[in-house]
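These notes are about the structure you will find just below.
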Amino acid sequence: MNKVYDKIFKYSLQMIVIIFCVFPFYYSVMTSLEGSSAVFEPNFFPTEINPKNYNYLLFEHNFPQTILNSLFVATVTVSISITISYFAAWSLSRVNFKGRSMFLFVILAISMFPQIAVLTGMYQLFLNFKDFYFNIFDLRVKGVTSLLWLCFTYTMFNIPFTVWVLTTFMKGVPKEIEEAAIVDGASSFLILRKIFLPIMTPAIFTTAIMAMIAVWNEFLFALTFTATNSDRTITVGIALINGTIEYEVPWGSIMAASVIVTVPLVIITLLLQGRIMSGLTAGSIKG
Amino acid sequence: MADININTVNKYFGDVHVIKDVSLDIKSQSFTVLVGPSGCGKSTMLRMIAGLEDINSGTISIDGQVVNDLPPKQRNIAMVFQSYALYPHMTVFDNMAFGLKLEKRSKDEINERVNEAARILQIEDYLQRKPKQLSGGQRQRVAIGRAITRKPKVFLFDEPLSNLDAALRVQMRVELAKLHNELEATMIYVTHDQTEAMTLADDIVVLDTGIVSQKGSPLELYDRPNNMFVGGFIGSPKMNFISSKILSKSSDATEVDIMGMSKISIPKMSASSSEGDSVSLGIRPEHLVVNGDSDGSWESKVFVVEKLGDVTYLYLEKDGEPLVAETEGHSEIKVGDTVKVGFPAGRCQLFDSSGQAFK
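Heads up: the protein sequence lines correspond to chains A and B, in order. Those letters in the first sequence? Residues 1 to 287, by the working numbering. Those letters in the second sequence? Residues 1 to 359, by the working numbering.
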């Protein structure tokens with residue numbers, strides 16, 4: 001009998017945690033499907049299914065533009081920071097040079113730096129960047145100035161984190177594999193491409209997803225460095241969704257927007273969670 | 001032909017002097033085993049020959065060419081690691097073909113060489129599998145196969161069998177010996193397992209804290225150890241050492257006492273010794289004569305009896321370490337019995353106070 005009680009206890013605890021975590025998301029999905037008046041009646045199950053919030057966002061609002069902007073910023077940022085930190089991780093985990101541990105410590109320290117501390121300085125730099133950029137390019141490409149600047153600042157804030165994580169992963173790859181490749185006649189670059197890259201793929205995916213989520217959710221810089229509706233990213237876009245009249249908070253649309261931007265992340269994570277981290281070097285080393 | 005000459009090589013890790021003026025000549029096509037306790041520098045020696053560690057001073061030459069500054073791939077060597085170090089994302093075939101692909105060999109040649117190696121190692125059925133689908137023994141074969149396909153002049157093995165279980169180890173040991181005959185390459189093998197060393201080696205090199213203690217054929221090391229370290233390291237259970245004193249010297253023998261109970265004249269000499277010097281008498285358990293006639297004898301109580309079936313080991317009480325004696329498998333001797341052990345003079349070794357052997 002004890003076993004049954006144990007199971008009941010275990011599962012009920014799990015249920016509590018799951019409900020606690022998932023309920024807000026469930027409620028926002030539900031709210032996004034309700035019409036304007038139903039939103040204000042608390043309930044656990046939707047009283048009506050009404051796609052009008054989604055219709056409004058996708059076809060009458062510039063929300064798709066903000067999604068594209070976010071995708072652009074996230075893709076550029078993640079690819080640049082992963083590429084740079086992949087090579088940095090190799091040298092930090094495999095090449096012996098003076099001050100290596102100091103360097104790693106500094107990277108860790110930088111990643112703890114709060115964004116708000118550099119915001120004013122960054123804004124000044126942004127203005128200079130804009131001047132510089134406007135002097136070089138003609139008007140047609142001016143629209144992406146803010147987005148490019150966002151990519152730059154996000155990369156700056158992301159790299160310490162991705163370098164740190166990838167270095168830790170790369171330290172976990174046995175040195176013998178690399179040495180075997182050296183004896184086989186492979187150059188360092190070839191080892192990075194043909195040996196480390198496939199072994200590290202799950203780790204790179206994990207790191208990339210974490211970096212991507214960070215960029216996707218960033219608000220402070222996105223609010224500060226974007227000025228027009230055409231270069232908003234999703235977080236700012238959601239915050240600036242207006243109601244039809246001044247005093248109305250359009251909960252339905254806001255929730256629909258949240259669902260639209262959250263669902264892709266959830267799907268990506270669910271699809272990749274099996275691959276993430278599993279079997280980094282299974283079969284290579286004794287076992 | 002690939003002689004390896006190692007000439008007064010030194011290696012430091014920071015302030016630690018791990019290889020001290022080591023000189024070695026390794027004959028082409030020989031099987032040389034480096035043995036020694038952990039931390040004696042045997043793996044470092046191997047890695048220096050491979051080119052994975054720099055050399056601080058001295059030279060290493062392979063086939064007459066100094067290779068100090070050559071990268072591993074130009075040294076014509078292949079190495080098998082203790083942990084196998086297979087590429088986990090590649091199939092067995094690709095693992096074995098990786099080096100050949102880097103050498104830009106033709107497809108047909110790669111196929112031919114990999115299949116040839118797979119045939120020798122009996123892993124033809126696994127060529128399309130990933131390493132994680134293989135057992136430990138199969139993985140080790142793949143690691144050896146990866147070395148074979150490149151047809152190097154020198155094979156380097158770094159404790160290749162120590163991750164395998166006992167039965168598999170014996171089997172792989174026999175196969176390695178066979179492989180050496182088939183491939184006619186120079187092989188250098190690092191191990192701390194002296195059975196592997198004794199059975200595989202043409203030459204054994206015993207390393208002790210960075211210096212070569214002795215180099216010779218297995219039986220040479222077994223019968224005539226240069227010093228106490230080699231005497232104690234080769235053989236299992238290890239050689240017994242008994243503190244003793246020189247009673248007298250003649251032109252071809254040295255007379256010593258055995259713990260005050262009997263005198264024995266041992267046909268070994270050392271010019272530097274004189275009467276009254278403290279020496280250590282070394283004798284292997286298998287050479288002690290239990291309850292029989294011999295040159296010198298000594299009596300003691302048995303406190304442990306180990307029956308292994310083919311032999312029985314008796315642990316006898318002695319000041320300091322126990323004296324181990326070997327007797328027949330079905331011995332009647334029990335714990336608490338008093339036995340007489342005899343010391344055949346021809347089997348005894350003498351070591352002076354610095355551990356050097358009498359000749």
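Virtual Cβ for every residue (Gly too), placed ideally from N, Cα, C. Being a predicted model, the structure only gives us computed values, none of them experimental.
- Of the residues P267/B, D295/B, G296/B and M239/B, the one placed nearest E326/B, counting alpha carbons only: Mapped onto the second sequence, residue 326/B falls at position 326. Of the candidates P267/B, D295/B, G296/B and M239/B, the one whose C-alpha sits nearest the C-alpha of E326/B is M239/B.
- Query: Checking contacts by CB at 8 Å: is G137/B closer than that to chain A?
  - Reply: Residue 137/B sits at position 137 when you count from the first residue of the second sequence. False, the Cβ-Cβ gap to chain A never drops below 8 Å.
- Item | Within-8 Å CB hit, P198/A to chain B | In the first sequence, the residue the question calls residue 198/A occupies position 198. Output row for P198/A: interface = yes.
- Residue(s) in a DSSP beta bridge with Y84/B: Counting from 1 along the second sequence, the entry for residue 84/B is found at position 84. Note: Y84/B sits in no beta bridge, so no partner.
- What separation, rounded to the nearest whole angstrom, lies between the Cα atoms of F97/A and S91/A? Against the first sequence, residue 97/A aligns to sequence position 97. Against the first sequence, residue 91/A aligns to sequence position 91. Going by the C-alpha atoms only, they are around 9 Å apart.
- Query: The beta strand (DSSP E) spanning T312/B covers which residue range?
  - Reply: Along the second sequence, one-based indexing puts residue 312/B at 312. Counting along the chain, the beta strand (DSSP E) containing T312/B begins and ends at V311 to L316.
- Message: Threshold first: 4 residues or longer. Then list the alpha helix (DSSP H) segments lying entirely within the region 206-249 of chain B, N to C.
- Response: 218-223 and 228-233
- I264/B beta carbon less than 8 Å from that of A357/B: If you number the second sequence from 1, residue 357/B lands on position 357. If you number the second sequence from 1, residue 264/B lands on position 264. No; because the gap between Cβ atoms is not below 8 Å, this pair is not in contact.
- Taking Cβ to Cβ, would you say V183/A is nearer than 8 Å to A78/B? Residue mapping note: residue 183/A aligns to position 183 of the first sequence, counting from 1. Residue mapping note: residue 78/B aligns to position 78 of the second sequence, counting from 1. Contact: yes.
- Where the region 162-191 of chain A meets chain B: residues whose CB sits under 8 Å from a CB there: P174, E176, I177, E179, A180, A181, I182, V183, D184, G185, A186 and L190
- Message: Helix, strand or coil, according to DSSP, for K286/A in the structure here?
- Response: For the purposes of this step, residue 286/A is taken as residue 286 along the first sequence, with counting starting at 1. Its pLDDT being 49, under 50, K286/A is placed unreliably by the model, and the measurement read from it follows with that caveat. Three-state DSSP puts K286/A in coil, outside helix and strand.
- Item | Between the CA atoms of F45/A and N242/A - distance to the nearest angstrom | Locating residue 242/A in the first sequence gives position 242, counting from the first residue. Locating residue 45/A in the first sequence gives position 45, counting from the first residue. Roughly 26 Å separates the two Cα atoms.
- Item | Contact residues within the region 158-185 of chain B, judged by C-beta distance below 7 Å to chain A | N163
- Message: Tell me the rounded alpha-carbon separation between E184/B and E103/B.
- Response: Counting from 1 along the second sequence, the entry for residue 184/B is found at position 184. Counting from 1 along the second sequence, the entry for residue 103/B is found at position 103. Across the structure, E184/B and E103/B are spaced so that their CA atoms are roughly 22 Å apart.
- Could you pull out every residue in the same chain whose Cβ sits closer than 6 Å to the Cβ of E317/B, ignoring the five residues on either side in sequence? Position 317 of the second sequence, counted from the start, is the residue given in the question as residue 317/B. Closer than 6 Å at Cβ, skipping near neighbours: S300, K301 and F303.
- Item | Close Cβ partners of V92/B (< 6 Å) along its chain, the five nearest in sequence each way excluded | As a first step, residue 92/B is located in the second sequence; it is residue number 92 there, counting from the start. Cβ within range, chain order: Y126, L127, R129 and V142.
- Determine, using beta carbons only, whether F157/B and E176/A come nearer to each other than 8 Å. Here residue 157/B refers to the residue found at position 157 when the second sequence is read from its first residue. Here residue 176/A refers to the residue found at position 176 when the first sequence is read from its first residue. Not in contact: F157/B and E176/A (Cβ atoms no closer than 8 Å).
- Task: Grab me the residues of N68/B's own chain with a C-beta within less than 7 Å of its C-beta, minus the 5 sequence neighbours each way, in chain order.
- Result: Here residue 68/B corresponds to residue number 68 of the second sequence, with the count starting at 1. Once the five neighbours on either side are set aside, the close Cβ partners of N68/B are I55, T59 and I60.
- Message: Give me the residue from V66/B, W298/B and V33/B with the minimum Cα distance to L288/B.
- Response: The residue given as residue 288/B occupies position 288 in the second sequence. The shortest Cα separation from L288/B among V66/B, W298/B and V33/B belongs to W298/B.
- Task: Just the chain B side, please: which residues come within less than 7 Å of I16/A by C-beta, in chain order?
- Result: On the first sequence, residue 16/A is found 16 positions in, with the first residue counted as 1. Neighbours of I16/A on chain B: none; closest Cβ ~38 Å, over 7 Å.
- Message: Using a Cβ-Cβ distance cut-off of 8 Å, determine whether T204/A contacts chain B.
- Response: Here the question's residue 204/A lines up with position 204 in the first sequence. The question names Thr, yet the displayed sequence has Ile at residue 204/A. No, because no Cβ of chain B sits closer than 8 Å to the Cβ of I204/A.
- Given that a residue counts as buried once 16 or more other Cβ atoms are within 10 Å of its Cβ, and exposed if not, what is P71/B? By one-based count along the second sequence, residue 71/B stands at place 71. It counts as exposed.
- Using the C-alpha atoms, what's the distance from P160/B back to V174/B? Numbered from its first residue, the second sequence carries residue 174/B at position 174. Numbered from its first residue, the second sequence carries residue 160/B at position 160. Each residue's alpha carbon lies about 13 Å from the other.
- Query: By DSSP, does Q122/B sit in helix, in strand, or in coil?
  - Reply: Counted from its first residue, the second sequence places residue 122/B at position 122. Coil.
- Query: So who's on the other strand from N7/B, going by DSSP bridges?
  - Reply: Indexing the second sequence from 1 puts residue 7/B at position 7. Answer by DSSP bridge pairing, in chain order: T59/B.
- Task: Below 8 Å on the Cβ atoms is my guess for L200/B versus L221/B; work out the distance and round it to an integer in Å.
- Result: Along the second sequence, read from residue 1 onward, the residue named residue 200/B stands at position 200. Along the second sequence, read from residue 1 onward, the residue named residue 221/B stands at position 221. Incorrect: roughly 14 Å between the Cβ atoms, too far for contact.
- Cross-chain neighbours of M79/B in chain E, by beta carbon under 8 Å: This model lacks chain E altogether, as its protein chains are A and B.
- Query: Which class does Q124/A belong to by DSSP, given the choice of helix, strand or coil?
  - Reply: By 1-based counting over the first sequence, the position of residue 124/A is 124. In the structure shown, Q124/A sits in a helix (DSSP, three-state: H, G or I).
- Task: Would you mind stating whether M198/B and F155/B have Cβ atoms separated by less than 8 Å?
- Result: By one-based count along the second sequence, residue 198/B stands at place 198. By one-based count along the second sequence, residue 155/B stands at place 155. Contact check for M198/B against F155/B fails: the beta carbons are separated by 8 Å or more.
- Message: DSSP three-state label for V335/B, please.
- Response: As a first step, residue 335/B is located in the second sequence; it is residue number 335 there, counting from the start. Three-state DSSP puts V335/B in coil, outside helix and strand.
- Query: Cβ of G210/B within 8 Å of Cβ of I19/B?
  - Reply: As a first step, residue 210/B must be located in the second sequence, where it is residue number 210. As a first step, residue 19/B must be located in the second sequence, where it is residue number 19. Yes, the pair counts as a contact, with Cβ atoms nearer than the cut-off.
- Item | For A257/A and L58/A, the rounded distance between their alpha carbons | Position 58 of the first sequence holds residue 58/A. Position 257 of the first sequence holds residue 257/A. Pairing L58/A with A257/A, the inter-Cα distance amounts to about 9 Å.
- Item | D63/B beta carbon less than 8 Å from that of D3/B | In the second sequence, residue 3/B corresponds to position 3, counting from 1. In the second sequence, residue 63/B corresponds to position 63, counting from 1. Yes.
- Message: With a threshold of 8 Å on Cβ separation, who are the neighbours of T31/A within its own chain once the five nearest residues in sequence on each side are excluded?
- Response: Locating residue 31/A in the first sequence gives position 31, where the first residue counts as 1. V39, W251, G252 and M255.
- State yes or no: is the C-beta of E275/B within less than 8 Å of the C-beta of S248/B? Locating residue 275/B in the second sequence gives position 275, where the first residue counts as 1. Locating residue 248/B in the second sequence gives position 248, where the first residue counts as 1. Closer than 8 Å, so yes.
- Task: Go through its chain and collect everything with a Cβ distance to T47/A's Cβ below 8 Å, but skip five positions before and after it.
- Result: Reading the first sequence from its first residue, position 47 is the one you call residue 47/A. Closer than 8 Å at the Cβ level, and outside the excluded window around T47/A, lie E34, A38 and E41.
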